[in-house]
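J.: Have a look at the structure that comes next, please.
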Amino acid sequence: MSVSWVLAIVLIIGVVAFLVARMRASRLEPQPGVKQHSLPGYHGSYALVLAIFPALLFFAIWKAASPLYIDSAVWRGLPGQVTSAPDVNRSLTMGTIYAIGDGLRRLDAAEIEQVRSGQADLKALFATKGLALASNGEPYMVPAAESYRSMSDASSLWSAIGAILISLAGAWFGLSGITLRRRARNNVERVMLWGLIAASTVAILTTVGIVLSMLFQTLSFFQSVPLSNFFFGTVWDPRFAAAGSGGATGQFGLIPLLAGTLYIALVAMLFAVPVGLFAAIYMSEYASRKVRSIVKPVLEVLAGIPTIVYGIFALVTVGPLLRDISAALSGGQPFIAAQSVLTAGLVMGIMLIPFVSSLSDDIISAVPRSLNDGSLGLGATRSETVRNVILPAALPGIVGALLLTASRAIGETMIVVLAAGVAANLTINPGEAMTTITVKIVNQLTGDLEFTSPQTLVAFALGITLFVITLGMNVLALYIVRKYREQYE
Amino acid sequence: MTDIPFDNTVTATAPARRDIGLKRRYRAERRFRFYGIAAIAIGIFFLGALMFTVIRGGYTAFWQTSISLPVTFDASVIDPEGKRDSDANVLATANYPLLARNALAAKLGLDVEAEENRADLRLLSGMISQGVRTQLRDMVIADPSIIGTTQDVWVLAAADVDSAHKGQIDMSVPESRRKVKDKQVAWMKTLTADGAMVERFNRGLFTFGASSRPETAGMGVALIGSVYMMLIVLVLALPIGVAASIYLEEFAPKNRWTDLIEVNINNLAAVPSIVFGLLGLAVFVNFMGLPRSASLVGGLVLTLMTLPTIIIATRAALKAVPPSIRSGALGVGASKMQTVFHHVLPLAAPGILTGTIIGLAQALGETAPLLLIGMVAFVADYPATPMDPATALPVQIYMWANEAERAFVERTSGAIIILLLFLAAMNLAAILLRRRFERRW
Numbered sequence: 003m004s005v006s007w008v009l010a011i012v013l014i015i016g017v018v019a020f021l022v023a024r025m026r027a028s029r030l031e032p033q034p035g036v037k038q039h040s041l042p043g044y045h046g047s048y049a050l051v052l053a054i055f056p057a058l059l060f061f062a063i064w065k066a067a068s069p070l071y072i073d074s075a076v077w078r079g080l081p082g083q084v085t086s087a088p089d090v091n092r093s094l095t096m097g098t099i100y101a102i103g104d105g106l107r108r109l110d111a112a113e114i115e116q117v118r119s120g121q122a123d124l125k126a127l128f129a130t131k132g133l134a135l136a137s138n139g140e141p142y143m144v145p146a147a148e149s150y151r152s153m154s155d156a157s158s159l160w161s162a163i164g165a166i167l168i169s170l171a172g173a174w175f176g177l178s179g180i181t182l183r184r185r186a187r188n189n190v191e192r193v194m195l196w197g198l199i200a201a202s203t204v205a206i207l208t209t210v211g212i213v214l215s216m217l218f219q220t221l222s223f224f225q226s227v228p229l230s231n232f233f234f235g236t237v238w239d240p241r242f243a244a245a246g247s248g249g250a251t252g253q254f255g256l257i258p259l260l261a262g263t264l265y266i267a268l269v270a271m272l273f274a275v276p277v278g279l280f281a282a283i284y285m286s287e288y289a290s291r292k293v294r295s296i297v298k299p300v301l302e303v304l305a306g307i308p309t310i311v312y313g314i315f316a317l318v319t320v321g322p323l324l325r326d327i328s329a330a331l332s333g334g335q336p337f338i339a340a341q342s343v344l345t346a347g348l349v350m351g352i353m354l355i356p357f358v359s360s361l362s363d364d365i366i367s368a369v370p371r372s373l374n375d376g377s378l379g380l381g382a383t384r385s386e387t388v389r390n391v392i393l394p395a396a397l398p399g400i401v402g403a404l405l406l407t408a409s410r411a412i413g414e415t416m417i418v419v420l421a422a423g424v425a426a427n428l429t430i431n432p433g434e435a436m437t438t439i440t441v442k443i444v445n446q447l448t449g450d451l452e453f454t455s456p457q458t459l460v461a462f463a464l465g466i467t468l469f470v471i472t473l474g475m476n477v478l479a480l481y482i483v484r485k486y487r488e489q490y491e
Numbered sequence: 469m470t471d472i473p474f475d476n477t478v479t480a481t482a483p484a485r486r487d488i489g490l491k492r493r494y495r496a497e498r499r500f501r502f503y504g505i506a507a508i509a510i511g512i513f514f515l516g517a518l519m520f521t522v523i524r525g526g527y528t529a530f531w532q533t534s535i536s537l538p539v540t541f542d543a544s545v546i547d548p549e550g551k552r553d554s555d556a557n558v559l560a561t562a563n564y565p566l567l568a569r570n571a572l573a574a575k576l577g578l579d580v581e582a583e584e585n586r587a588d589l590r591l592l593s594g595m596i597s598q599g600v601r602t603q604l605r606d607m608v609i610a611d612p613s614i615i616g617t618t619q620d621v622w623v624l625a626a627a628d629v630d631s632a633h634k635g636q637i638d639m640s641v642p643e644s645r646r647k648v649k650d651k652q653v654a655w656m657k658t659l660t661a662d663g664a665m666v667e668r669f670n671r672g673l674f675t676f677g678a679s680s681r682p683e684t685a686g687m688g689v690a691l692i693g694s695v696y697m698m699l700i701v702l703v704l705a706l707p708i709g710v711a712a713s714i715y716l717e718e719f720a721p722k723n724r725w726t727d728l729i730e731v732n733i734n735n736l737a738a739v740p741s742i743v744f745g746l747l748g749l750a751v752f753v754n755f756m757g758l759p760r761s762a763s764l765v766g767g768l769v770l771t772l773m774t775l776p777t778i779i780i781a782t783r784a785a786l787k788a789v790p791p792s793i794r795s796g797a798l799g800v801g802a803s804k805m806q807t808v809f810h811h812v813l814p815l816a817a818p819g820i821l822t823g824t825i826i827g828l829a830q831a832l833g834e835t836a837p838l839l840l841i842g843m844v845a846f847v848a849d850y851p852a853t854p855m856d857p858a859t860a861l862p863v864q865i866y867m868w869a870n871e872a873e874r875a876f877v878e879r880t881s882g883a884i885i886i887l888l889l890f891l892a893a894m895n896l897a898a899i900l901l902r903r904r905f906e907r908r909w
């Protein structure tokens, strides 16, 4: 019986239990001196919960555990010379057995008889049924496949029967005890609370998942490449992952990538910070309400544009423009390449303007009005007030905001993929192409993957480096912002 | 105050004005103000430049040059051996492009049998999109009785002809280095004058799947993939996000654990999106064995990315509901759970919805994590379920950006316009929702 059928049946049992329980609860005989504790709907929900959740839990655990058990049982059932052979590839063997087992379902009785007696050409036979088999298989695989098939059939049958029985038992339990005094609401609410708690741990699980998944891949990367090669290497040349070779032949130097990342982020910040900060100051100190109500949303549109669009803008418009301008200035040879640090930094800077301006705007408006009024009252001009009173007071917050913006610049991907180039140069000329950590993660992981080669695994080492850098900046920024906020509240 | 001397003659004459540098200070003031205006102008200028280049480069993608041809479904071409009743493959593999070419030749008055016209006929074939093969084949298979008749058919022009018709190919380049030859240009002029070659609305841009020929490449698969992913994000992220925020805002005790969750959520909101792609690759694809390129995996990754946005918005919306509502509900005997679900949550709903739409808009434009889980794939067929390979709108843009042909450049910008229109619609909906339902207490 298929999974969706079992789920549907359990669900139907739950709904029926809900309806019956609600009806029974609403028809309870009133007794003198006893108030009905819960509304009929809560009795219904309690029956529903009892009918569905234990059954689903059982079903999920069974479905997760049974393949593991079947796998080891089939493996143990194989002839000894196969399992103890020195060149055995367990996953390949088992994969073929599973494919044969699944294919047997589509054959009729006569064909199965042929397969059993070893007369049929498995590969050709399966091909007529629309199944692709990688290899023709060994004779011992057919009985193993049959035992796999019977075990998995039995497993799915018993899991279905078990789930439905548990569901019925839960429904019966929910329906049997409906009395005026039953505290159905409290029980339902307790289940709801657990649901809420479970939802709130998803955030923790995500972080744990990020760290663990990258950590494991990174550790296996460092088994084939020494730490110093990665962290202090100045050459990035991973070569291609030759299928099956598995050896580390390339060089995985982080330094050129890190330098490119920081350089591009620096250029972006040099552009975005003055523009964003001045825009924020103008809007909070000078602009009339009307101007503000128009300009602020318009600038925020920049934040809503997907980064891929910025990347294309850089690739198609800004890059060639800068190249042509530099060619015209130098009279012939352009000194800015179409894909360069400057292009990527400039376009990333445009993207960051709204981040800087809206973060700084919040922080500037959080400075108490009395400071501003006091300074103006003493005769300072507005700009003097901003420079000497407001900015110093808002400084910690602005530093926090800038850190958040910088972490965004470091983690940005699509703009640099399209505009910064792929060559891992180590240069200080902003007119040349450099590459970043994020570009290399994308490069190493698009196309065919082999999860054992260092060429693939290095992406996870790069990813965890990126994660640690941005995490550090975020935590520092949040700490600064939080501490600063306490001063005035 | 009382002992100020009365005979203070000094005050009678005004003191010499101290030079406090007012002029200089006002100049500085003006300068400062100018910097602010300049900063805003720079921001708006770049926004305008971006929009302008995208629209200028992309609006032509919504039109596609097509040719109206009276195609004769000649039985001697489709089925030269007369076996179509016995062999189903005959209709599927017939030489349909030849039919279209012959029709075009007839229209231009070229003799298809004449030996000296060989080169010209090859040029003629080059004007018609290769997509005509499937187009005519589908017509014949749907209704085999049209064999032997003549039907008026709109066929797509080849990409280079399309670009030339839109004036995007520089005709001053010598013919040998041009993709569209002089003869083809002359034919194009004849056809255009006839009214047989016109630019029609490019429906294929919205319905076709991936293709190496620009004129038959469209965003159909990408649109479906994006719709699947948005549905998955909505179905997963909204309930989980709202439930998590309710717990943190209404029930959680103040302790280490809830503090940890809060710091976590704030951090997740700032983690680079590509890291979520790595997570998806390692956990969903490698560990759990879900298929690569599937919109299910993309949807899960985007869900994890969107969750912090929704949680932060929902908590703000819950916080904005005044405590008096809670006290009132508790006062008339509601339980804590009933208070939250019957009273607080409905009042916070507009804020939650606004945050959700903004989160979805972010997810719709996200590219980097999808590249890592293999959604950069050449997918020509519509995905029937979220488990099938698909692409997404921004990924489609990225893939077209890597193509060199002129018609793909145009399509890249066209696809960006469509993406931006979707985003604008979503953000507008969020703003209107806020305007309509926002309550000030």
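These protein sequence lines are chains A and B, in that order. Under our numbering, the first residue of the first sequence is numbered 3, with each subsequent residue one higher. Under our numbering, the first residue of the second sequence is numbered 469, with each subsequent residue one higher. All C-beta atoms in this analysis are idealised placements derived from N, C-alpha and C, irrespective of residue type, glycine included.
Within 10 angstroms of the Cβ of Asn732 of chain B, are there 16 or more other Cβ atoms? Answer buried if so, exposed if not.
T.: Asn732 of chain B comes out buried.
J.: Let me check understanding here. Comparing Cα to Cα, which of A:Thr220, A:Glu191, A:Ala186, A:Ala408 lies closest to Ala27 of chain A?
T.: The shortest C-alpha separation from Ala27 of chain A is found at A:Ala186.
J.: For the structure I just gave you, are there three or more beta carbon pairs, one from the stretch 696-714 of chain B and one from the stretch 743-750 of chain B, closer than 8 Å?
T.: Verdict: no, contact absent.
J.: Can you check whether the C-beta of Arg902 of chain B is within less than 9 Å of a C-beta belonging to chain A?
T.: Output row for Arg902 of chain B: interface = no.
J.: Just checking my contact of Ala426 of chain A with Leu259 of chain A at CB under 8 Å: how many whole Å lie between their CB atoms?
T.: At roughly 6 Å, the Cβ-Cβ gap stays under 8 Å, so Ala426 of chain A and Leu259 of chain A are in contact.
J.: Considering just the uninterrupted stretch of the alpha helix (DSSP H) at Ser332 of chain A, what are its terminal residues?
T.: Note, Ser332 of chain A: alpha helix (DSSP H), 321-332.
J.: When you check each C-beta in the stretch 865-878 of chain B against every C-beta of chain A, which residues fall closer than 8 Å?
T.: The stretch 865-878 of chain B vs chain A, Cβ under 8 Å: Ile865, Tyr866, Ala869, Val877.
J.: Which of the three DSSP states, helix, strand or coil, is assigned to Glu113 of chain A?
T.: Correct three-state label for Glu113 of chain A: helix.
J.: Is it true that the CB of Ile615 of chain B sits closer than 9 Å to the CB of Ile546 of chain B?
T.: The answer is yes: Cβ separation under 9 Å.
J.: Leaving aside the five residues before and after Pro81 of chain A along the sequence, list all residues of the same chain whose C-beta is less than 6 Å from its C-beta, in chain order.
T.: Cβ within range, chain order: Tyr142.
J.: How would you label Phe669 of chain B, buried or exposed, when you count the other beta carbons within 10 angstroms and need 16 or more for buried?
T.: With fewer than 16 other Cβ atoms within 10 Å, it is exposed.
J.: Alpha helix (DSSP H) containing Arg724 of chain B: first to last residue?
T.: It spans 724-736 - the alpha helix (DSSP H) in which Arg724 of chain B sits, taken as one unbroken run.
J.: By the 10 Å Cβ neighbour count, where 16 or more other Cβ atoms means buried, how is Trp238 of chain A classified, buried or exposed?
T.: Classification for Trp238 of chain A: buried.
J.: When DSSP labels each residue in this structure, what does Thr472 of chain A get in the three-state scheme?
T.: Three-state result, Thr472 of chain A: helix.
J.: For Leu304 of chain A, which residues of its own chain have a beta-carbon under 8 Å away from its beta-carbon, when the five flanking residues on both sides are left out?
T.: These residues qualify, in order along the chain: Ile352, Met353, Ile355, Pro356.
J.: Consult DSSP for Gly249 of chain A and reduce its assignment to one of helix, strand or coil.
T.: Residue confidence is low: Gly249 of chain A scores 47 on pLDDT, short of 50, so the model does not pin down where it sits. No coordinate-derived value is stated.
J.: Identify which residue in B:Thr684, B:Phe530, B:Thr675 has its Cα closest to the Cα of Ile692 of chain B.
T.: If we check each option's Cα against that of Ile692 of chain B, B:Thr675 comes out closest.
J.: Tell me which residues of the stretch 497-510 of chain B have at least one Cβ-Cβ distance to chain A shorter than 7 Å, keeping chain order.
T.: Residues Glu497, Phe500, Arg501, Tyr503, Gly504, Ile505, Ala507, Ile508, Ile510.
J.: Below 7 Å CB to CB, which residues in the same chain sit around Ser713 of chain B once its five sequence neighbours on both sides are set aside?
T.: If we look at Ser713 of chain B and ignore the five residues flanking it on each side, its Cβ neighbours are Ile779, Thr782, Arg783, Leu786.
J.: Is there a C-beta anywhere in chain B that falls below 9 Å from the one on Leu428 of chain A?
T.: No, its Cβ sits nowhere closer than 9 Å to a Cβ of chain B.
J.: Measure the Cβ-Cβ separation of Leu378 of chain A and Ala270 of chain A and say whether it is below 9 Å.
T.: Not a contact, by the Cβ cut-off of 9 Å.
J.: Which residues of the stretch 167-192 of chain A have a Cβ closer than 9 Å to any Cβ of chain B? Give them in chain order.
T.: Answer set for the stretch 167-192 of chain A: Arg187, Asn188, Val190, Glu191.
J.: Could you round the C-beta distance between Pro456 of chain A and Ser226 of chain A to whole angstroms and report it? I think they count as a contact, below 8 Å.
T.: With 8 Å as the limit, Pro456 of chain A and Ser226 of chain A qualify as a contact, their Cβ atoms being about 5 Å apart.
J.: Beta-carbon separation of Tyr564 of chain B and Leu589 of chain B under 9 Å?
T.: No, these two residues do not count as a Cβ contact at 9 Å.
J.: Tell me whether the stretch 290-309 of chain A and the stretch 823-839 of chain B touch, counting them as touching only if at least three CB pairs, one residue from each stretch, are closer than 8 Å.
T.: Because the criterion of three Cβ pairs below 8 Å is met, the stretch 290-309 of chain A and the stretch 823-839 of chain B touch.
J.: Helix or strand or just coil, what does DSSP make of Gln619 of chain B?
T.: Gln619 of chain B: strand per DSSP, three-state reduction.
J.: From what residue to what residue does the beta strand (DSSP E) around Gln532 of chain B run?
T.: 531-540 is the extent of the beta strand (DSSP E) around Gln532 of chain B.
J.: Would DSSP call Ile546 of chain B helix, strand or coil?
T.: In this structure, Ile546 of chain B counts as helix in the three-state DSSP scheme.
J.: Would Lys647 of chain B pass as a contact of Asp630 of chain B if the rule is Cβ separation under 9 Å?
T.: Contact flag unset, no.
J.: In three-state terms, what does DSSP make of Asp375 of chain A?
T.: Note: Asp375 of chain A maps to helix in three-state DSSP.
J.: Going by the CB atoms, is the gap between Gly819 of chain B and Ala788 of chain B shorter than 9 Å?
T.: Yes. Within cutoff.
J.: Relative to the C-alpha of Phe218 of chain A, which residue among A:Leu195, A:Val483, A:Leu473, A:Phe462 is closest?
T.: Here the closest residue by C-alpha is A:Phe462.
J.: From the DSSP output, which residues share a beta bridge with Asp239 of chain A?
T.: Answer is A:Gln253, bridged to Asp239 of chain A.
J.: Look up Val297 of chain A in the DSSP assignment and say whether it is helix, strand or coil.
T.: If DSSP states are grouped into helix, strand and coil, Val297 of chain A belongs with the helices.
J.: By the criterion of Cβ-Cβ separation under 7 Å, what are the contact partners of Phe315 of chain A in chain B?
T.: In chain order: Leu518, Thr521.
J.: Name, please, each residue of chain A whose Cβ falls closer than 8 Å to the Cβ of Ala829 of chain B.
T.: Within chain A, the residues near Ala829 of chain B are Gly306.
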